[in-house]
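*Asks:*
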Amino acid sequence: MTMIIDPARCTGCRSCLIACKGYTATAAGHFNTRMLEDEDDHGRVAFIPVQCNQCDDPPCVRSCAVGATFKLDNGIVVTDWARCTACGACLAACPYGARFADTRHGGRADKCDFCQDRLLQGRVPVCVEACSSGARLFGNREKPRGEFAACLRQATFRVLQPELGTGPNVLYVEHRQYQPMATEEP
Numbered sequence: 002m003t004m005i006i007d008p009a010r011c012t013g014c015r016s017c018l019i020a021c022k023g024y025t026a027t028a029a030g031h032f033n034t035r036m037l038e039d040e041d042d043h044g045r046v047a048f049i050p051v052q053c054n055q056c057d058d059p060p061c062v063r064s065c066a067v068g069a070t071f072k073l074d075n076g077i078v079v080t081d082w083a084r085c086t087a088c089g090a091c092l093a094a095c096p097y098g099a100r101f102a103d104t105r106h107g108g109r110a111d112k113c114d115f116c117q118d119r120l121l122q123g124r125v126p127v128c129v130e131a132c133s134s135g136a137r138l139f140g141n142r143e144k145p146r147g148e149f150a151a152c153l154r155q156a157t158f159r160v161l162q163p164e165l166g167t168g169p170n171v172l173y174v175e176h177r178q179y180q181p182m183a184t185e186e187p
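Numbering-wise (my numbering), the sequence shown opens with residue 2 and increments by one.
#1: For residue 58, I'd like the list of residues in its chain whose CB is within less than 6 angstroms of its CB, leaving aside the five on either flank, ordered along the chain.
#2: Taking the straight line between their C-alpha atoms, what separation do you get for residue 4 and residue 155?
#3: Please return the same chain residues whose Cβ sits closer than 8 angstroms to the Cβ of residue 111, not counting the five positions on each side in sequence.
#4: Using DSSP with H/G/I as helix, E/B as strand and the rest coil, what is residue 179?
#5: My guess is that residue 162 and residue 115 are in contact by the Cβ rule of under 8 angstroms, so how many angstroms apart are they, rounded?
#6: Going by C-alpha distance, which of 174, 89, 25 and 133 is nearest residue 149?
#7: Please name the residue or residues paired with residue 2 in a DSSP beta bridge.
#8: When DSSP labels each residue in this structure, what does residue 137 get in the three-state scheme?
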């Protein structure tokens, strides 16, 4: 599963953060997504939402001595809180700063899981649904459909920290090379 984020379309409204916070009820002061601000070549502000990248080769999984952090068959990285010892190794291993210790639950690791429960119902992650500017797309790269498929075909992408070789599954549109469709398929 892959998330595409188009910083050129992101207005920085933080609807994705608010919707995620409301849906996942993360601990006070913690969010599954954070918003970075950058400038493009023309001095315009660009907003960059950052979350768990659901890596193909996730450092957090390798760092977990008890196997509490693992990948599901669909590629999404999750944490089994029943096995998590709250050692913090996965937090330190994540190069994207996408994990945090949930103090309400003994410091166990928490992070974005692409709203796994919604995916099982055939729905998209809540951040995608909440994005009024259409800056977020979500889908299966092996069976792309609709706007997601069009973007995959037409756009150039970058990932965060490509030199690490983690194989992130959050892609950022590099150039505005595709035309959004009038309607989106689920």
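From the three backbone atoms N, C-alpha and C, an ideal C-beta is built for every residue, glycine too.
Values in this document were obtained by computation on a predicted structure and should not be read as measured data.
*Replies:* Short version:
#1: Correct list, in chain order: 167 and 168.
#2: Between the alpha carbons of residue 4 and residue 155 lies a gap of roughly 16 angstroms.
#3: So the list reads 27, 28, 31, 33, 80, 100, 101, 102 and 103, once near-sequence residues are dropped.
#4: Legend: pLDDT at residue 179 = 43, less than 50; position of this residue unreliable, no value from coordinates given.
#5: Rounded, the Cβ-Cβ distance is 19 angstroms, inconsistent with contact.
#6: That would be 174, whose Cα lies nearest to the Cα of residue 149.
#7: Under the DSSP definition of a beta bridge, residue 2 lacks any partner.
#8: Secondary structure at residue 137: strand, using DSSP grouped into helix, strand and coil.
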